[in-house]
Amino acid sequence: MNNLLHIKQTTLCLFLLAAVMQHCIAAPHAHEEEGQPSFCHSQNINSIPDCGKTPTAAFDKRGILWIVYVDGKHIKLVSSTDLAESYTEALTINPQPEIIYADGENRPKIAFGLKNEIYISWVKKTEGRFSGDIRFSRSLDNGKTFSKPATVNDDGLLTSHRFDTLAVSPEGKIHLTWLDKRDLVLARKAGKEYIGAALYHAVSIDNGLTFSKNKKIADNSCECCRISIKFNPQGEAIALWRHVFKDMTRDHAIVNLDNTEENITRVTFDNWQIEACPHHGPSMAIGAKDERHLAWFTGIPERGGLFYGRFNQNTKKLEKQFNIDSSATASRPQIFSHNDLILFAWKVIEQEKTKLQLKISNDNGNNWSETITLASTEAASDHPLLLSHNNEFFISWWTEAEGFQLIPVVEKIKIEEFSLLPFNKKSLFEIEKRHENTNFLLVLWSLDCPPCLKEFKLLSSLVKQKNSPRIVLVSTDSVEFVPEIKSRLIEYNLQQEENWYFNDVPELLRSKIDKNWFGELPRTYFYNKNTVRLAHSGPLNQSLLEKWLNK
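Have a look at this one:
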């Protein structure tokens, strides 16, 4: 239950400063426990990643899904060719057991080279509190064999080298970046003060055979938050992290790792002044025009929560900023961009359930959809991770009860590509006016009406026929059910029809439609060219439909 404890502690961080301080001290101890047993999905032990910790998934260039995870004192790797329905036998990356950090912010990573070389990094626990080494292994034969794990940090000190990020550039250059406390050690020996940690970086240009000398990118990074690395249109590595600015202000900074002559740029200005550990790093995606889409968390009491921002690299300013979720339990944001499509995923605790949430923007972050709930659990859960292959988009999510899940979001994206109209007291007149002198069906339905789905099957085949009447569908469900309404319409290929939802008192709207209608569903009205209206309760059938159309 350490992950659940971690979530609850992080929740208190948002608005109670004392609780944040307590979390800073207490949370890392959960990471220090040696020999913790692996969690295993009790209902399906055949699903290998269910039995590991912090599984991280990624697609290679062929569309094969690879999942790296921690199993006791070993890094394990499996692959799947059927979107996580089944897996290959697990490979062990480190034959010699070692204590491995396995929490959401500090988890094993996987990336691929230009010829599908497999690269894996993780953090090995070393002696001392919160200390660790950055470890790396590679496979050049499609996962058949892996190299002996190597330590990438080159200082030889027993101190903290943790929260690594692994990324491969479009040219095949391997970037490893992590939070490092070697400079804190040196400062203390010299009797000097040092705030936070430092951001360090190493590069390999020979497919992971060797790495460059470690290079310090920045002093005074926040010491307990993940780093995000993405590549700009020129293929340069851009890093985003939480930084400690003047007066213990914990905001975010960005830098070009391939061109460190560029200044470190502050990109958020929440001015969260606190000497504590948020344990909550940012996420970034970079668009085709080098716009930086940012997702982050801030704990300012008066305006805390999760935020989206679009940073303009030319003006060095946030063009857009949007509060995604202001609730105290919202956490772990992930962001992904593809052309003008932006996906923002996170999780939130509501009524003792952890919900996996999604918002979608189809216009490069200018406007955002309603919140879509993709999944929920009452058990402990890991961070959600966004991944894609061939313009298909997924979220991976591990929970203690459900195990590893690969959740497709393509249907949710389709949902946002069409709109529903609000049906009010004047809407029937608008519909009748719009379709006068034509044959059309007005169909009333709802989500909790099984017979409505029976009628949907008939309508789904009807819309494919030539010269079929126009169909106007009105859901008697209210606005909060719009995402579910859209999902059901997509399921039956009815999203291209004219669609409405009830946006006023249901009884009032029913009387406006038909004073002789008692509210039973489905309820269908046929309008012919002569403005004659015929009514039917219950699912339509083919014979009745033909009878109407021949009138």
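Counted the way the working numbering counts, the sequence shown spans residues 659 to 1209. Ideal Cβ placement from N, Cα and C applies to all residues, glycine included.
Separation of D1172 and K1083 (C-alpha to C-alpha, rounded to the nearest whole angstrom) is 12 Å. Looking only at E1058, C880, T973 and E949, the smallest Cα-Cα distance to Q931 is reached by C880. Taking a contact to require three or more Cβ pairs closer than 8 Å, the segment 1113 to 1131 and the segment 1041 to 1057 do not qualify as touching. Between P891 and A808, the gap from beta carbon to beta carbon reaches 9 Å or more.
A Cβ-Cβ distance of about 17 Å is found for the pair L952 and T835, leaving them out of contact under the 8 Å criterion. Within its own chain, the residues whose Cβ lies closer than 6 Å to the Cβ of W1055, once the five positions on either side in sequence are excluded, are L1014, P1042 and Q1063, listed in chain order. The C-beta distance from F969 to W954 rounds to 11 Å, too long to meet the 8 Å contact threshold. Here the segment 1103 to 1115 does not lie against the segment 1183 to 1194, with fewer than 3 beta-carbon pairs under 8 Å apart.
Only residues of its own chain outside the window of five on either side were considered, and among them K731 and H732 have a CB closer than 7 Å to the CB of P755, listed in chain order.
By the neighbour-count criterion, in which a residue is buried when 16 or more other Cβ atoms sit within 10 angstroms of its Cβ, R884 is buried. In this structure, F717 lies near S1046, with their beta-carbon atoms less than 9 Å apart. As summarised for the segment 1119 to 1165, the continuous alpha helix (DSSP H) elements at least 4 residues long and confined to that stretch are 1140 to 1149, given in chain order. Per DSSP, reduced to three states, the secondary structure at L1167 is helical. In this structure, L815 lies away from V781, with their beta-carbon atoms at least 9 Å apart. Rounded to the nearest angstrom, the Cβ distance from L1116 to T1182 is 10 Å, too far for a contact under 8 Å.
DSSP links L824 through a beta bridge to L834. Taking a contact as a CB-CB distance under 8 Å, the pair I875 and H901 does not count as one, their CB atoms being some 11 Å apart. Counted as a single uninterrupted DSSP element, the alpha helix (DSSP H) harbouring W1206 occupies residues Q1200 to L1207. About 13 Å separates the beta carbon of K974 from that of G967, a gap too long to meet the 8 Å contact definition. Boundaries of the alpha helix (DSSP H) harbouring R840: R840 to K847, taken from the DSSP string.
With contacts defined as CB atoms closer than 9 Å, I1089 and E1156 qualify as a contacting pair. One thing to note: I993 has its Cβ no nearer than 9 Å to the Cβ of L1016. For S1085, there is no enclosing beta strand (DSSP E); the residue is found in the alpha helix (DSSP H) stretching over S1085 to R1092. Closest in alpha carbon position to P936, among V736, G1061, C882 and F1002, is C882. Cβ-Cβ distances below 7 Å link N878 to I853, G854, H901 and V902 in the same chain, with the five nearest sequence neighbours on each side left out; the list follows chain order. Look at E1069 here: in three-state DSSP terms it is helix. Within the segment 732 to 800, the runs of beta strand (DSSP E) that reach at least 3 residues and sit entirely inside it are, in chain order, 732 to 738, 767 to 770, 776 to 783 and 790 to 797. No Cβ-Cβ contact shorter than 9 Å links A742 with I722. Its chain contains S1133, D1135, F1139, E1142, I1143 and R1146 as the residues whose beta carbon lies nearer than 8 Å to that of L1105, once the 5 sequence neighbours on both sides are disregarded; these appear in chain order.
Here S862 is near I832, since their CB atoms are less than 9 Å apart.
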